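Line order of the protein sequences matches chains A and B. Here my numbering is used: the first residue of the first sequence is 1, the next is one more, and so on. Here my numbering is used: the first residue of the second sequence is 1, the next is one more, and so on. Data block below; observations after.
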Amino acid sequence: MVKVRTQDLLDQFKLELIAGKDGVHREIFMSEISRPGIEMTGYFKYYPKDRLQLLGKTELSYYFDLESSERTDRALRLCTDITPGIVITRGLEVPEELVNACNESGVPLLRSPFKTTRVISRLTNFLEAKFAPFTAVHGVLVDIYGIGVLITGQSGVGKSETALELVKRGHRLVADDSVEIRQEDYDRLIGTSPPLIEHLLEIRGLGIINVMTLFGAGSVRSYKKISLIINLESWDQKREYDRLGLEEETLKIIDVDVPKITLPVRPGRNLAVIIEVAAMNFRLKRMGVNAAEEFSERLTTMIKQEKTGLETKVDLDIDID
Amino acid sequence: MKEQKFTITDETGIHARPATLLVNKAGQYESQVELHYNGKAVNLKSIMGVMSLGVPKGAEITITVEGTDEEQALEGIADTIREQLGE
């Protein structure tokens with residue numbers, strides 16, 4: 001699990017460190033941000049002291065209306081020993097009592113020139129991405145016609161070779177062999193390459209090749225949402241493979257169910273073309289065109305006609321204009 | 001499933017060449033072999049996966065093996081590690 005420290009916020013955003021610089025290495029444990037409004041009135045019973053605190057115009061104008069003794073009291077109680085930081089938005093004036101309390105307790109006091117809502121959304125996005133559930137999968141991730149396709153399968157089945165042919169056909173490589181996946185939101189899986197092996201592809205017999213220098217900047221991307229999994233496996237005579245495409249198999253990665261297709265590998269089968277078509281067909285299905293279902297409906301209608309034809313004894317050979 | 005911990009003592013860590021030896025060894029067995037380091041797990045049969053971890057000297061790694069020939073596999077891999085990389 002990655003550690004997020006207040007220093008990371010300073011590095012990432014246009015924030016000014018006003019006080020409490022001893023505490024910039026404090027760790028942030030959650031992505032939620034607290035706006036201590038009710039706490040300003042002196043009610044600290046449910047004060048989420050381990051979260052990042054945000055003071056906007058409302059909180060601060062109330063604060064400035066308080067008596068001097070109350071201001072000192074609130075400032076001291078806001079700055080606990082585990083509070084990772086207090087952010088003041090809109091570039092507002094910083095109360096002296098708060099500066100003192102932050103310096104004493106070592107709670108970093110930061111100021112942003114932007115509006116509160118914007119600061120909240122940017123901080124939340126940053127923190128959520130950092131705290132997102134994470135896993136690594138053995139496979140190859142390729143962007144095919146805008147669909148993120150994760151190709152999995154036993155070692156040596158031909159994942160990298162297939163990826164190479166896909167790149168040659170103009171698709172883009174995201175990661176080879178090891179794909180780092182993080183879950184964003186509740187239903188998005190984002191795959192990236194480990195930094196060390198970005199743009200590289202290992203082809204047995206050739207060794208490591210650099211796809212970007214070989215095929216150009218258009219042949220790679222740094223991250224991609226995973227929409228489809230294609231599992232390659234050696235052709236097994238006894239196993240039954242999907243012949244119709246009516247059922248949709250899924251595989252769970254972290255908390256997300258991803259549609260999965262199992263492709264049997266056999267010499268003479270052009271996998272790159274099949275995977276390309278699988279990606280296109282997947283896109284078509286999402287647009288509402290499902291060849292398998294349409295065919296199935298056609299068949300149902302035909303069988304029904306056939307049945308009524310039999311019952312009413314209509315000669316079906318007669319052409320009807 | 002079998003697992004064993006190792007400490008890398010080789011000066012360069014798991015660099016490209018020793019990684020290749022390890023991956024080739026793992027590839028000789030039927031079992032699923034994984035290398036765990038720093039909270040990440042990679043397939044030991046995949047060279048890029050192993051190298052992507054950038055395992056340095058002094059690192060503690062765990063090898064897990066699962067499958068029909070897990071005992072021989074772990075033994076073989078352990079031998080390779082001891083010869084090339086660490087203990």
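A virtual CB, placed ideally from N, CA and C, is assigned to each residue, including glycine. Quantities reported herein were computed from a predicted structural model and do not represent experimental measurements.
**OP:** Give the interface partners of Val55/B over in chain A, defined as CB-CB distance under 7 Å, in chain order.
**Re:** The sequence position of residue 55/B within the second sequence is 55, counting from 1. The contacting residues do not exist; Val55/B stays about 11 Å from chain A at best.
Exercise for the section: Run the proximity test for Gln32/B: is its beta-carbon closer than 6 Å to any non-hydrogen atom belonging to the ligand GDP? Expected result: In terms of ligand content, the structure shown is empty, and the ligand GDP therefore cannot be addressed.
Looking at chain B, is there any beta carbon in it that lies within less than 7 Å of the beta carbon of Ser155/A? Residue 155/A sits at position 155 when you count from the first residue of the first sequence. Answer yes: the Cβ-Cβ gap between Ser155/A and chain B drops below 7 Å somewhere.
Residues of its chain near Leu228/A, where Cβ-Cβ distance is below 8 Å and the 5 sequence neighbours each way are ignored
Here residue 228/A corresponds to residue number 228 of the first sequence, with the count starting at 1. If we look at Leu228/A and ignore the five residues flanking it on each side, its Cβ neighbours are Ile147, Gly148, Val149, Leu150, Val258, Pro259, Lys260, Ile261, Ala278, Ala279 and Phe282.
query = What are the residues of the stretch 31-58 of chain B that lie near chain A, defined by any Cβ-Cβ distance shorter than 8 Å?
reply = Gly39, Lys40, Ala41, Val42, Asn43, Lys45, Ser46, Ile47, Met48, Gly49, Met51, Ser52, Leu53 and Gly54
* Asked: Ends of the alpha helix (DSSP H) at Leu68/A?
  -> Indexing the first sequence from 1 puts residue 68/A at position 68. The displayed chain sequence assigns Ser, not Leu, to residue 68/A. Element bounds for Ser68/A: Ser68 to Leu78.
Point to revise | Range of the contiguous alpha helix (DSSP H) that encloses Arg17/B | key: To locate residue 17/B, count along the second sequence from 1; it is residue 17. Element bounds for Arg17/B: Ala16 to Gly27.
Using a Cβ cut-off of 9 Å, which residues of the stretch 16-27 of chain B contact any Cβ in chain E, in chain order? The chain labelled as chain E is not found among the protein chains of the depicted structure, namely A and B.
* Asked: Quick one: is Glu180/A buried, meaning 16 or more other Cβ sit within 10 Å of its Cβ, or exposed?
  -> Along the first sequence, read from residue 1 onward, the residue named residue 180/A stands at position 180. Its Cβ being crowded by 16 or more others within 10 Å, Glu180/A is buried.
Notebook entry, point to check: Do we get a CB-CB distance below 7 Å when we pair Asp255/A with the residues of chain B?
Noted result: Taking the first residue of the first sequence as position 1, residue 255/A is located at position 255. So, not an interface residue.
Review point. Whole alpha helix (DSSP H) runs in the stretch 93-141 of chain A with 4 or more residues, listed along the chain?
Key: 96-105 and 116-131
- Hey, Val33/B and Ala73/B are a contact pair by Cβ (cut 8 Å); roughly how many whole angstroms apart? Taking the first residue of the second sequence as position 1, residue 33/B is located at position 33. Taking the first residue of the second sequence as position 1, residue 73/B is located at position 73. The pair is a contact, with the Cβ atoms about 6 Å apart (cut-off 8 Å).
Open item on the list: Cβ closer than 7 Å: which chain B residues qualify as neighbours of Glu202/A?
Closed with: For the purposes of this step, residue 202/A is taken as the residue at position 202 of the first sequence. Per Cβ cutoff of 7 Å: Ile47 and Met48.
Which residue wins for smallest C-alpha separation from His15/B, given the options Asp79/B, Ser52/B, Thr68/B and Thr62/B?
As a working note, residue 15/B is residue 15 in the second sequence. Answer by Cα proximity: Ser52/B.
- request: Please report how far the alpha carbon of Leu127/A lies from the alpha carbon of Thr162/A, in whole angstroms.
  value: For the purposes of this step, residue 127/A is taken as residue 127 along the first sequence, with counting starting at 1. For the purposes of this step, residue 162/A is taken as residue 162 along the first sequence, with counting starting at 1. Each residue's Cα considered, the two are about 36 Å apart.
Check your understanding: In whole angstroms, what separates the C-alpha of Thr135/A from that of Leu15/A?
Key -> The residue given as residue 135/A occupies position 135 in the first sequence. The residue given as residue 15/A occupies position 15 in the first sequence. Answer to the nearest angstrom: the Cα atoms are 31 Å apart.
**Request:** Tell me whether Lys285/A sits in a helix, a strand or coil according to DSSP, three-state version.
**Result:** Taking the first residue of the first sequence as 1, we reach residue 285/A at position 285. Residue state, collapsed to three classes: helix.
Residues near Asp155/B by beta carbon distance below 8 Å, same chain, minus five either side: A question about residue 155/B goes unanswered here, because the residues of chain B that appear run from 1 up to 87.
TODO: Identify every residue that forms a DSSP beta bridge with Leu263/A.
DONE: Working through the first sequence from its first residue, we reach residue 263/A at position 263. DSSP lists Leu232/A as partners of Leu263/A.
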